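Taking the UniProt record's numbering, the leading residue of the sequence shown gets 1, the next gets one more, and so forth.
Think of the CB as a built atom: it goes at the ideal place given N, C-alpha and C, for glycine as much as any other residue.
Source: prediction; values computed, not measured.
I have placed the structure first, in the form of structure tokens, so that the comments after it can refer back to it.
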Amino acid sequence: MKKVFNKIKQVTSNLVQSDGCAIIVGGTEVSIQLADRLSQLGQEIIIIEEDIKLCKQIQERLDCLVIQGLATKVETRKESKFAEATLVIAVTNNDQYNLLTGIYAKKSGVKEVIVQITDEDLYDEKMQGQNLGLDLVLNPFAMAVKRIKGLVNSGTELELKQILDNRVKINKFKISHQNRLAYQEVRQLDLGQDALLITILRKGRALLPQSTEKLYPGDLLFVISRRGIKNKISDLINTTTQKDKLILAGAGEINQKLACFFSKGTVVTIIEEQRAKGQELAENLEDILVLEGSTLDLDLLQEEGVAQTDVFVAGTEDQKQNLLVAALAQKLGSKKTIALVDEIFYSNLDDYLELDYSICPALLAIDTILDYLHQGQLTGQTVFGGQIKAHKLTFKSKRRKSIDSLNLPADLVIVLIWRGDEVIIPSPEQKLAPQDELLVFTILALEEVESYLYKV
1 MKKVFNKIKQ VTSNLVQSDG CAIIVGGTEV SIQLADRLSQ LGQEIIIIEE DIKLCKQIQE
61 RLDCLVIQGL ATKVETRKES KFAEATLVIA VTNNDQYNLL TGIYAKKSGV KEVIVQITDE
121 DLYDEKMQGQ NLGLDLVLNP FAMAVKRIKG LVNSGTELEL KQILDNRVKI NKFKISHQNR
181 LAYQEVRQLD LGQDALLITI LRKGRALLPQ STEKLYPGDL LFVISRRGIK NKISDLINTT
241 TQKDKLILAG AGEINQKLAC FFSKGTVVTI IEEQRAKGQE LAENLEDILV LEGSTLDLDL
301 LQEEGVAQTD VFVAGTEDQK QNLLVAALAQ KLGSKKTIAL VDEIFYSNLD DYLELDYSIC
361 PALLAIDTIL DYLHQGQLTG QTVFGGQIKA HKLTFKSKRR KSIDSLNLPA DLVIVLIWRG
421 DEVIIPSPEQ KLAPQDELLV FTILALEEVE SYLYKV
């Protein structure tokens with residue numbers, strides 16, 4: 001639960017002052033965890049659950065009102081004073097029920113409504129958000145796919161390309177023990193003009209570069225530069241273009257989406273025990289090797305070169321097996337190991353098993369909901385597996401100001417400037433002009449970013 005606990009501090013300022021109650025529909029573990037966190041902040045909580053056994057279990061764990069019934073029934077909504085709630089969160093395992101509950105909540109005048117949709121055939125964030133007025137529609141499995149994409153280097157590049165200008169290229173290079181930059185500070189990194197270090201990836205953790213930050217062997221640097229211009233960065237980059245190697249253990253829904261996404265720029269291998277499922281995948285997915293076999297077959301894993309694998313994702317339908325397989329891949333020498341788990345409890349075991357990451361869609365859902373309640377909105381995009389937020393903003397000052405004079409915090413970096421038809425890779429001395437369009441990378445809430453850029 002460590003990730004959820006970290007969010008409590010962020011939510012406090014927004015929710016302690018709330019007047020009305022929060023209604024959580026569903027007795028899932030996500031519901032219970034959210035109710036527990038919000039009630040600790042002084043928020044009045046009501047949980048609506050149809051199953052009487054689950055109702056009793058919730059009452060044993062939480063000090064809140066639990067109503068047995070369906071939120072779509074008139075009598076249940078009357079008993080819970082549905083229309084008086086300031087927040088409704090529908091996170092049951094029934095997507096259609098969640099969606100209908102959200103619609104009823106909005107029609108009843110509830111200020112903020114959050115709905116979980118897991119079926120991609122039903123998930124339409126734009127339509128459900130704009131046309132139905134739902135404040136937040138989330139798909140935990142889509143978030144898990146996005147998170148893993150950001151943990152694979154080639155996936156990070158694709159994410160960045162979607163938000164950067166096509167006149168700018170992405171360069172990445174790894175600091176080795178022999179590299180002259182090892183153990184130097186970022187301010188000693190001379191990239192020349194029209195180049196900017198935007199992120200340091202260190203053991204899977206994305207860091208926004210600070211001038212005094214030291215560079216260590218193993219650090220992966222992401223630098224943007226203008227296309228068509230040879231500069232000092234070309235001397236630092238390894239010109240060999242070796243594709244990342246990705247092994248996916250199990251052909252579950254998430255691994256299938258990862259295979260499709262990475263098939264062009266990455267060497268992808270899927271290991272699947274069920275022959276029929278493996279044959280179907282082999283027929284439908286191009287440029288991907290599909291192997292029939294047990295994900296726990298040590299000989300098979302060694303033959304397929306797990307030791308030379310950049311990323312190993314264990315995504316079978318058995319979460320315990322995923323943890324075991326990922327731990328085995330780690331021991332065999334995979335550079336990065338990821339295990340998919342369904343239950344929040346198992347997400348705490350990665351440290352004990354020495355895994356790099358355990359990805360739990362339910363925990364991502366909790367994380368996203370708490371982020372939304374803290375910020376009042378989820379805007380912009382995220383990169384590096386959701387670790388960094390990317391916002392496009394307009395500089396609204398009435399006069400020109402240099403970036404260094406803004407005294408921006410270390411957690412806020414201006415990455416690109418659009419001025420008319422011109423794209424600018426900024427230096428600290430770069431002056432911002434009124435109405436410049438800015439791309440910023442940050443871990444701060446949007447309101448904090450705006451306070452720095454709009455105060456001048």
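Report yes if the C-beta distance between residue i and residue j is below 9 angstroms; otherwise report no.
i: THR337; j: ALA326; result: yes
i: VAL267; j: ASP244; result: yes
i: VAL223; j: ILE170; result: yes
i: THR442; j: ASP411; result: yes
i: GLN40; j: ILE344; result: no
i: ILE46; j: ALA83; result: no
i: GLU253; j: PHE141; result: yes
i: LEU281; j: ALA259; result: yes
i: VAL110; j: LEU87; result: yes
i: LEU364; j: MET143; result: yes
i: GLY250; j: GLU317; result: yes
i: VAL440; j: VAL415; result: yes
i: ASP194; j: ILE425; result: yes
So what's residue i in DSSP terms, helix, strand or just coil?
i: LEU378; result: Confidence at LEU378 is low in this model, with a pLDDT of 49, below 50, so its placement is unreliable and the value that follows should be read with caution. Coil, per DSSP.
i: ALA182; result: coil
i: LEU196; result: strand
i: ILE443; result: coil
i: SER451; result: helix
i: ASP436; result: coil
i: LEU393; result: strand
i: THR337; result: strand
i: VAL325; result: helix
i: GLU112; result: strand
i: LEU99; result: helix
i: LEU373; result: helix
i: THR240; result: Residue confidence for THR240 is low, a pLDDT of 46 falling below 50, so the modelled location carries little weight; the figure read from the coordinates is stated next. In the structure shown, THR240 sits in coil (DSSP, three-state: anything other than H, G, I, E or B).
i: LEU332; result: helix
Checking the sheet assignment: what are the DSSP bridge partners for residue i?
i: GLU429; result: Bridge partners of GLU429: none, in fact.
i: LYS169; result: SER225
i: GLN68; result: GLU49
i: ARG202; result: ARG205
i: ILE424; result: ILE417
i: SER402; result: LYS431
i: ILE359; result: LEU340
i: LYS174; result: LEU220
i: ILE366; result: Per DSSP, none; premise fails for ILE366.
i: ILE58; result: Its beta-bridge partners do not exist; DSSP assigns none.
i: LYS214; result: GLU185
i: LEU412; result: THR442
Where do the ends of the beta strand (DSSP E) carrying residue i lie?
i: LEU207; result: 205-207
i: ALA90; result: 87-90
i: ALA22; result: 22-25
Which residues mark the beginning and the end of the alpha helix (DSSP H) in which residue i is found?
i: SER31; result: 29-40
i: GLU75; result: 74-79
i: LEU353; result: 350-353
Step through the CB atoms of chain C and report whether any lies within less than 9 angstroms of the CB of residue i.
i: VAL110; result: Absent from the structure: chain C. Only one protein chain is present.
* Asked: Where in the stretch 116-165 do unbroken runs of the alpha helix (DSSP H), each at least 4 residues long, occur, reported from the N-terminal end onward?
  -> 140-151, 153-163
* Asked: Fully enclosed by the stretch 244-318, which beta strand (DSSP E) runs are 3 residues long or longer?
  -> For the stretch 244-318, whole beta strand (DSSP E) runs of length 3 or above, ordered along the chain, are 244-249, 266-272, 288-292, 311-314.
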